[in-house]
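Counting along the sequence shown from 1, when you hit position 94 you're at 78 in my numbering, and nothing is skipped either side.
Idealized CB from N, CA, C, for every residue including glycine.
Below is one structure, written out as structure tokens; the observations come after it.
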Amino acid sequence: MEVPVAAPVKPVAYPTLSDRIQSTFIDGIVIVVLMSFSASALEKYENAPDWIRIALFFGIWCIYEPVCMTFGATLGNLVKGLRVRRMANQEKRINLAQAFVRYLLKVGLGWVSFVTIHGSAGRRAIHDIAAGTIVLKKG
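As structure tokens, then:
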């Protein structure tokens, strides 16, 4: 009688604070580039109302990270090999509600949000704890 062999468990790696800062910096560059392209596109329209410019820039800034997270990762995350997953099931991507909670706290708290990284299991920031998420490093 054969005994089934369990698949080896892949060790989980957590990103360093430096990895997360670099990822955020890359995303900041992406947002600036997207805003520049948007501004260039709007330059072609002489009578584009200011509210369209404001809505477009605000939309890019507020939507980029949460939407990218629900699809798996932002460009900065991809470059650094980071993935944001659900804490309860680390195989699953986060949903849009988790992504917005996470993002709003991350932006609202700024650097303060990262004070828990070195003292929490899984190096989770305050915004990760509140949103029920965890950041993993592909390795």
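Straight-line gap, residue i to residue j (C-alpha atoms, nearest Å)
| i | j | result |
| --- | --- | --- |
| residue 61 | residue 109 | 16 Å |
| residue 13 | residue 23 | 15 Å |
| residue 29 | residue 111 | 40 Å |
| residue 15 | residue 43 | 11 Å |
| residue 5 | residue 76 | 23 Å |
| residue 8 | residue 91 | 11 Å |
| residue 98 | residue 18 | 26 Å |
| residue 33 | residue 93 | 32 Å |
| residue 0 | residue 31 | 47 Å |
| residue 87 | residue 55 | 15 Å |
| residue 20 | residue 74 | 36 Å |
| residue 2 | residue 96 | 15 Å |
| residue 70 | residue 45 | 23 Å |
Beta-bridge pairing of residue i - partner residues as DSSP gives them
| i | result |
| --- | --- |
| residue 117 | 70 |
| residue 77 | 69 |
Assumed close pair residue i, residue j - CB separation to whole angstroms, cut-off 8 Å
| i | j | result |
| --- | --- | --- |
| residue -2 | residue 89 | Not a contact, Cβ separation roughly 19 Å. |
| residue 116 | residue 72 | 7 Å |
| residue 63 | residue 53 | Residue 63 to residue 53, Cβ: 15 Å. No contact. |
| residue 103 | residue 118 | Rounded, the Cβ-Cβ distance is 15 Å, inconsistent with contact. |
| residue 66 | residue 11 | Their Cβ separation, rounded to whole angstroms, is 11 Å, which puts residue 66 and residue 11 out of contact at 8 Å. |
Own chain residues within Cβ distance below 7 Å of residue i, not counting five before or after
| i | result |
| --- | --- |
| residue -4 | 120 |
| residue 79 | 54 |
Cβ shell of residue i (< 8 Å), same chain only, five flanking positions each side left out
| i | result |
| --- | --- |
| residue 36 | 26 |
| residue 100 | 108, 109, 110, 113 |
Cβ-heavy atom distance, residue i to the ligand GTP, below 8 Å
| i | result |
| --- | --- |
| residue 114 | In the structure on display, the ligand GTP does not appear, and there are no ligands present to speak of. |
Sequence-distant residues of its chain with Cβ nearer than 6 Å to residue i (five each side left out)
| i | result |
| --- | --- |
| residue 122 | 65 |
| residue 40 | 22 |
query = Does the count of Cβ pairs from the region 74 to 85 and the region 47 to 61 closer than 8 Å reach three?
reply = yes
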